[in-house]
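Here's the structure, in structure tokens; my notes come after.
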């Protein structure tokens with residue numbers, strides 16, 4: 001089931017297998033728990049991720065909060081987690097639509113309109129804004145926009161768009 005898949009790290013297609021996997025992390029280490037092989041023209045990746053969640057809950061993995069890649073930030077997946085009473089955190093792309101001031105705008109456009117608050121986290125300065133907002137494909141969720149202050153003038157600012165039910 002090898003195929004050509006897009007590698008976001010090198011911005012090109014490569015030959016490989018596409019694995020949907022689950023890890024458990026605690027204060028000491030990270031444990032691999034399970035995986036599913038994505039096969040073209042078979043189950044969708046979201047369906048495979050839902051299967052993994054079901055399996056992990058069935059065997060009693062003590063996870064209260066699920067952290068997942070932005071690809072899985074869909075209403076289908078977060079609704080499934082909500083059905084188990086689980087908390088979740090993920091990122092969304094900069095072009096994700098959000099409701100603000102009665103308009104549906106891109107989250108990166110919203111980042112240009114808001115006032116952030118500086119906070120120090122582990123010695124780094126982050127400019128943070130958070131509110132409950134209607135976010136495309138997810139419904140009303142907590143939206144966090146954060147920009148890490150750069151110590152190097154030539155370095156691009158590191159802006160992240162985070163969503164959660166926490």
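Numbering (the numbering used here), first residue to last: 1 to 166. Every residue, glycine too, gets a C-beta built ideally from N, C-alpha and C.
Within the same chain, show all residues whose beta-carbon is closer than 6 Å to that of residue 76, passing over the 5 residues directly before and after it, in chain order. 46
Quick one: measure Cβ to Cβ for residue 34 and residue 48, integer angstroms, because I've assumed they're closer than 8 Å. Not quite, the Cβ-Cβ distance comes to about 10 Å (not below 8 Å), so this is no contact.
Nearest neighbour of residue 61, chosen from 123, 69, 30 [CA to CA]: 30
Three Cβ pairs or more, each shorter than 8 Å: is that satisfied between the stretch 130 to 140 and the stretch 91 to 100? yes
Nearest to residue 16 by CA position, among 25, 6, 24, 67, is which residue? 6
Measure the Cβ-Cβ separation of residue 65 and residue 87 and say whether it is below 7 Å. yes
How would you call residue 19, buried or exposed, if buried means at least 16 neighbouring beta carbons within 10 angstroms? exposed
Going by the beta-carbon positions, is the gap between residue 22 and residue 67 smaller than 7 Å? no
May I have the straight-line CA-CA distance separating residue 122 from residue 148, to the nearest angstrom? 12 Å
From the DSSP secondary-structure annotation, give me the bridge partner or partners of residue 133. 141
Beta-carbon proximity check, residue 145 vs residue 129, cutoff 7 Å: yes
Please classify residue 14 as buried or exposed, where buried requires at least 16 other C-beta atoms within 10 Å of its C-beta. exposed
Short of 8 Å in beta carbon distance, which residues of its chain neighbour residue 164, apart from the five on each side in sequence? Order them along the chain. 87, 88, 89, 90, 141, 142, 144
Residues bridged to residue 118 [DSSP beta-bridge criterion]: 127
Roughly how many angstroms lie between the CA atoms of residue 155 and residue 113, to the nearest whole one? 22 Å
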